[in-house]
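Set out below in structure tokens:
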């Protein structure tokens, strides 16, 4: 899986590419992403805080359904 960082509704390139390894097989690369700095982390946290009231309004089953759908979409890629 390769990708950029999704921050506050948009895809952004980071500072440097990083590799994610399978913890049970450190020779297996399982993903690539880009490193971000403190400013991008703060932006992402601010966006999450703004989104939280809408997320909180969903009941538990609706949240579970959305997370399951997101997982299915990721696996399909």
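Residue numbers (this note's numbering): 61 to 137.
Note that the Cβ used here is the ideal one computed from N, Cα and C, for glycine as well.
Residues sharing a beta bridge with residue i, DSSP
i: residue 72; result: 65
i: residue 89; result: 81
As assigned by DSSP and simplified to three states, the class of residue i
i: residue 113; result: helix
### Message
Under 8 Å: do the region 69-82 and the region 94-109 share three or more Cβ pairs, one atom per stretch?
### Response
Proximity of the region 69-82 to the region 94-109 meets the contact definition, three or more beta-carbon pairs being nearer than 8 Å.
### Cβ contact check for the region 97-112 and the region 62-73: 3 or more pairs under 8 Å
Counting Cβ pairs under 8 Å, three or more are found: they touch.
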